[in-house]
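Structure, as structure tokens:
There are 2 protein chains.
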Amino acid sequence: MPPAVESPPSRGRLRDPGRDEGIRRVVQELLAEVGYDRLTVDAVAARAHASKATIYRRWPSKAELVIDAVGCMEPLPVPPDTGSVEEDLRQAFAHKGVTKEFHLDLVSGLLTALPRNPDLAQVFRDRFIDPRARAMRVIFERAVARGEIPPERDLDLLTSVFPAMVAHRSLVAGRPVTVAYLRAVLEQVVLPLAGRQSPRSPG
Amino acid sequence: MPPAVESPPSRGRLRDPGRDEGIRRVVQELLAEVGYDRLTVDAVAARAHASKATIYRRWPSKAELVIDAVGCMEPLPVPPDTGSVEEDLRQAFAHKGVTKEFHLDLVSGLLTALPRNPDLAQVFRDRFIDPRARAMRVIFERAVARGEIPPERDLDLLTSVFPAMVAHRSLVAGRPVTVAYLRAVLEQVVLPLAGRQSPRSPG
DNA sequence: GTTTGCGTACGGTCCCGTACCGTACATAAG
DNA sequence: CTTATGTACGGTACGGGACCGTACGCAAAC
Numbered sequence: 001m002p003p004a005v006e007s008p009p010s011r012g013r014l015r016d017p018g019r020d021e022g023i024r025r026v027v028q029e030l031l032a033e034v035g036y037d038r039l040t041v042d043a044v045a046a047r048a049h050a051s052k053a054t055i056y057r058r059w060p061s062k063a064e065l066v067i068d069a070v071g072c073m074e075p076l077p078v079p080p081d082t083g084s085v086e087e088d089l090r091q092a093f094a095h096k097g098v099t100k101e102f103h104l105d106l107v108s109g110l111l112t113a114l115p116r117n118p119d120l121a122q123v124f125r126d127r128f129i130d131p132r133a134r135a136m137r138v139i140f141e142r143a144v145a146r147g148e149i150p151p152e153r154d155l156d157l158l159t160s161v162f163p164a165m166v167a168h169r170s171l172v173a174g175r176p177v178t179v180a181y182l183r184a185v186l187e188q189v190v191l192p193l194a195g196r197q198s199p200r201s202p203g
Numbered sequence: 204m205p206p207a208v209e210s211p212p213s214r215g216r217l218r219d220p221g222r223d224e225g226i227r228r229v230v231q232e233l234l235a236e237v238g239y240d241r242l243t244v245d246a247v248a249a250r251a252h253a254s255k256a257t258i259y260r261r262w263p264s265k266a267e268l269v270i271d272a273v274g275c276m277e278p279l280p281v282p283p284d285t286g287s288v289e290e291d292l293r294q295a296f297a298h299k300g301v302t303k304e305f306h307l308d309l310v311s312g313l314l315t316a317l318p319r320n321p322d323l324a325q326v327f328r329d330r331f332i333d334p335r336a337r338a339m340r341v342i343f344e345r346a347v348a349r350g351e352i353p354p355e356r357d358l359d360l361l362t363s364v365f366p367a368m369v370a371h372r373s374l375v376a377g378r379p380v381t382v383a384y385l386r387a388v389l390e391q392v393v394l395p396l397a398g399r400q401s402p403r404s405p406g
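Chains A and B, in that order, give the protein sequences. Just so you know, we're using our numbering here: the first sequence kicks off at 1 and counts up by one. Just so you know, we're using our numbering here: the second sequence kicks off at 204 and counts up by one.
Structure below.
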């Protein structure tokens with residue numbers, strides 16, 4: 001989706017098509033560094049080697065610029081099927097790069113602003129959070145299909161355990177998300193929950 | 204701890220001692236409503252029926268005011284011992300008021316600002332997060348003492364599961380923390396993890 | 001009367017969004 | 001090829017508004 005403006009390309013200088021993507025990348029960087037409220041359009045222009053006029057020619061406001069930049073984030077690819085839940089989870093989420101893939105700083109920079117920016121909140125959840133949750137969900141769905149996980153398990157609950165633990169560790173507790181921590185969460189929390197032990201009946 | 208300024212109580216008009224607490228409460232409210240970056244001293248003064256001069260006479264800056272207000276939050280009381288982990292957890296965390304006790308809006312309003320305010324981050328974690336984590340930890344420590352939980356369990360990990368799930372549900376997913384959700388997390392996640400099933404050996 | 005309280009008004013700064021200038025680039029006409 | 005035209009672009013300046021922290025004037029308590 002191009003930013004907002006349609007222009008019949010008649011005569012005159014053509015827009016550099018890579019420019020949009022460059023500006024969006026700068027917005028994503030600055031969101032992670034200073035957060036939504038402290039992000040300024042001047043800073044975006046400076047780091048992107050652009051001028052504010054160029055930015056406002058393509059996006060109508062700071063809010064729309066941020067919404068577009070968040071909406072264009074790359075989703076997590078669907079992890080390969082290794083044949084078992086354990087291996088699927090370890091290969092997908094127990095390596096060091098997963099902290100980058102989770103974009104914890106970006107999430108942190110946006111969280112405070114979400115309640116006051118409903119459009120941003122919707123884009124953030126529809127095009128950033130949900131696709132990432134789906135990457136984890138397919139692992140559990142494959143496990144259900146294999147018979148590794150009983151079909152009555154609540155996959156929504158199961159899916160959110162790992163990202164919730166990682167986000168809490170980094171953002172709330174302020175402690176580093178090491179590979180050791182990732183493995184501990186998988187081995188001692190997620191995998192036991194995914195196993196066959198009978199869930200308690202409520203009440 | 205009085206705010207920051209020590210005044211030799213000689214003669215003259217005395218400060219209203221309740222004034223400090225009232226201003227702190229307003230700060231806590233506004234942090235939950237608009238977050239740290241958008242909190243203004245003018246708004247604090249207006250809602251507290253005070254003037255900015257009064258506030259700056261007691262705290263040297265907005266940053267110190269917020270740090271003090273967060274540091275003076277009431278901790279969660281230690282939950283009563285009901286005799287079993289299950290009952291302890293249900294009574295302490297499966298009732299509706301727990302969302303208020305967790306102050307999710309306040310946490311949300313602070314998260315983005317923590318990386319740029321180390322002093323605030325330290326006070327937030329030392330005097331707000333850690334005491335609340337302790338309220339949950341004592342439940343599990345009692346369970347270990349009773350023999351309900353094997354002593355080799357990682358209590359730090361176990362303690363953070365519930366707050367992590369609740370915070371993720373509300374702040375990241377943007378979905379309501381209902382009593383049904385609280386019970387589901389306890390029954391299907393926390394209690395199974397606290398039980399006697401053998402944790403997997405890593406590797 | 002002195003000391004401390006309180007409120008209003010103000011300076012300075014920051015930032016959003018716009019207007020304008022001169023230049024670089026692309027097409028169309030001669 | 002040369003010239004004219006139209007658009008994109010970087011840079012700067014500006015208006016308007018919000019906000020932090022302070023200066024001043026006055027009232028209340030001792």
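We put the beta carbon where it would ideally sit given N, CA and C, even for glycine.
Cutting at 7 Å between CB atoms, please list the residues of its own chain near residue i, excluding the five before and the five after it.
i: residue 392 (chain B); result: 364, 368
i: residue 302 (chain B); result: 380
i: residue 304 (chain B); result: 279
i: residue 86 (chain A); result: 191
i: residue 123 (chain A); result: 67, 70, 71
i: residue 210 (chain B); result: At residue 210 (chain B) the pLDDT is 43, less than 50, meaning the model places this residue with poor confidence; the figure from the coordinates comes in the next sentence. Same-chain partners within the cutoff: there are none.
i: residue 408 (chain B); result: This structure cannot speak to residue 408 (chain B), because chain B is shown only from 204 to 406.
i: residue 372 (chain B); result: 378, 380, 384
i: residue 137 (chain A); result: 155, 159
i: residue 229 (chain B); result: 247, 250, 251
i: residue 277 (chain B); result: none
So, does the CB of residue i fall closer than 7 Å to a CB anywhere in chain A?
i: residue 306 (chain B); result: no
i: residue 294 (chain B); result: no
i: residue 311 (chain B); result: yes
i: residue 385 (chain B); result: no
i: residue 314 (chain B); result: yes
i: residue 217 (chain B); result: no
i: residue 274 (chain B); result: no
i: residue 241 (chain B); result: yes
i: residue 363 (chain B); result: yes
i: residue 286 (chain B); result: no
i: residue 350 (chain B); result: no
i: residue 330 (chain B); result: no
i: residue 377 (chain B); result: yes
Short of 8 Å in beta carbon distance, which residues of its chain neighbour residue i, apart from the five on each side in sequence? Order them along the chain.
i: residue 133 (chain A); result: 159, 160, 163
i: residue 207 (chain B); result: Reliability fails at residue 207 (chain B), whose pLDDT of 42 lies under 50, so the model's placement of it is uncertain and the value that follows must be treated cautiously. If we look at residue 207 (chain B) and ignore the five residues flanking it on each side, its Cβ neighbours are 261, 262, 263, 267, 271.
i: residue 354 (chain B); result: 347
i: residue 179 (chain A); result: 94, 95, 96
i: residue 119 (chain A); result: 63, 67
i: residue 121 (chain A); result: 114, 115
i: residue 171 (chain A); result: 104, 107, 108, 111
i: residue 91 (chain A); result: 79, 80, 82
i: residue 342 (chain B); result: 282, 288, 291, 292, 295
The alpha helix (DSSP H) with residue i in it runs from where to where?
i: residue 55 (chain A); result: 52-58
i: residue 147 (chain A); result: Element bounds for residue 147 (chain A): n/a, residue is neither H nor E.
i: residue 364 (chain B); result: 358-370
i: residue 19 (chain A); result: 17-34
i: residue 395 (chain B); result: 394-397
i: residue 386 (chain B); result: 382-388
i: residue 268 (chain B); result: 265-274
i: residue 240 (chain B); result: Where residue 240 (chain B) is concerned, there is no enclosing alpha helix (DSSP H), given that its DSSP letter is neither H nor E.
Does any CB atom of chain B fall closer than 7 Å to the CB of residue i?
i: residue 134 (chain A); result: no
i: residue 167 (chain A); result: yes
i: residue 35 (chain A); result: yes
i: residue 51 (chain A); result: no
i: residue 155 (chain A); result: no
i: residue 164 (chain A); result: yes
i: residue 171 (chain A); result: yes
i: residue 28 (chain A); result: no
i: residue 137 (chain A); result: no
For residue i, which residues in the same chain have their Cβ closer than 6 Å to its Cβ, ignoring the five residues on either side in sequence?
i: residue 194 (chain A); result: 85, 149
i: residue 238 (chain B); result: 312
i: residue 182 (chain A); result: 94
i: residue 127 (chain A); result: 71
At 4 residues or longer, what runs of the alpha helix (DSSP H) sit wholly inside the region 277-348 of chain B? 288-296, 301-305, 307-314, 321-327
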